[in-house]
Ligand code: ADP
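Residue numbers (our numbering): 1441 to 1657.
This is the structure we're talking about:
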């Protein structure tokens, strides 16, 4: 589903990502682990077409992120480090808006919003303004916007950052549930998180992959 080959991103002298290669098969939940500054966000931004690689290639479902960016984006749901939310909109208006910008077919937009609301447990807050929600619910809205166009792939950048222990376990359960049907890459620097959620673990350090294997390994 995702093929990354010798991927590099350099910012001047900083080698944020320095020759990373890996494949992710369909249906896998991959934990992307590493300390702050290791290159996780930069790697994810290149897979999701938000950043152009300095060198190397990324294929998503066989499509090249540099030449087929629009098609790639259609296949990916992305939750960046800080969720792209509009605080002045209520949850249902915001999700309707996302179906429009995601070009979900008109006739299926209502169902798409309903599915995302159900999957992410947002039923009790759909009429609340996004700005009034707790951080846990905001993160759920962030997940809802990422899955609303029913992408095959989900890229989640530290989805539990800043949440309390209860909220963390709820978001992890959500990711596990979503991961039953989709290919998921999610980044974290918390080892237990990977143990709780993932099929496979990759560790990045100073822009290079230093481990790729099973949880048991
Ligand atoms: P992580 O997500 O693992 O915390 P990042 O991918 O955000 O790591 O950052 C990797 C490295 O690239 C860090 O040294 C960071 O300071 C640097 N970096 C990230 N974005 C930029 C940028 N826009 N300009 C310059 N350096 C950057």
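Heads up, the beta-carbon is just placed ideally off N, CA and C, and yes, glycines get one too.
These figures come from a predicted structure and were not determined experimentally.
Sub-8 Å separation of residue i and residue j beta-carbons
{"i": "residue 1449", "j": "residue 1491", "result": "yes"}
{"i": "residue 1484", "j": "residue 1464", "result": "no"}
{"i": "residue 1636", "j": "residue 1612", "result": "yes"}
{"i": "residue 1596", "j": "residue 1462", "result": "no"}
{"i": "residue 1568", "j": "residue 1527", "result": "no"}
{"i": "residue 1628", "j": "residue 1447", "result": "no"}
Whole-Å CB distance - residue i paired with residue j, under 8 Å assumed
{"i": "residue 1535", "j": "residue 1588", "result": "6 Å"}
{"i": "residue 1599", "j": "residue 1579", "result": "6 Å"}
Pairwise C-alpha distance: residue j and residue i
{"i": "residue 1445", "j": "residue 1564", "result": "44 Å"}
{"i": "residue 1496", "j": "residue 1647", "result": "14 Å"}
{"i": "residue 1458", "j": "residue 1574", "result": "37 Å"}
{"i": "residue 1631", "j": "residue 1657", "result": "13 Å"}
{"i": "residue 1507", "j": "residue 1520", "result": "22 Å"}
{"i": "residue 1638", "j": "residue 1601", "result": "17 Å"}
{"i": "residue 1505", "j": "residue 1545", "result": "24 Å"}
{"i": "residue 1468", "j": "residue 1479", "result": "21 Å"}
{"i": "residue 1532", "j": "residue 1523", "result": "16 Å"}
{"i": "residue 1486", "j": "residue 1538", "result": "22 Å"}
{"i": "residue 1571", "j": "residue 1560", "result": "17 Å"}
{"i": "residue 1548", "j": "residue 1556", "result": "12 Å"}
Selected residue, minimal CA-CA separation from residue i, among the options
{"i": "residue 1590", "options": "1543, 1628, 1631 and 1459", "result": "1543"}
{"i": "residue 1558", "options": "1568, 1583 and 1574", "result": "1583"}
{"i": "residue 1609", "options": "1576, 1521, 1489 and 1495", "result": "1576"}
{"i": "residue 1514", "options": "1493, 1656 and 1489", "result": "1489"}
{"i": "residue 1623", "options": "1592, 1538, 1615 and 1604", "result": "1592"}
{"i": "residue 1455", "options": "1467, 1469 and 1477", "result": "1477"}
{"i": "residue 1645", "options": "1475, 1453, 1539 and 1533", "result": "1475"}
{"i": "residue 1615", "options": "1505, 1460, 1470 and 1479", "result": "1470"}
{"i": "residue 1453", "options": "1525, 1654 and 1494", "result": "1494"}
{"i": "residue 1482", "options": "1626, 1556, 1654 and 1604", "result": "1626"}
Simplified DSSP state of residue i, which is helix, strand or coil
{"i": "residue 1461", "result": "strand"}
{"i": "residue 1533", "result": "helix"}
{"i": "residue 1490", "result": "coil"}
{"i": "residue 1476", "result": "coil"}
{"i": "residue 1555", "result": "helix"}
{"i": "residue 1564", "result": "helix"}
{"i": "residue 1602", "result": "coil"}
{"i": "residue 1523", "result": "coil"}
{"i": "residue 1574", "result": "coil"}
{"i": "residue 1502", "result": "coil"}
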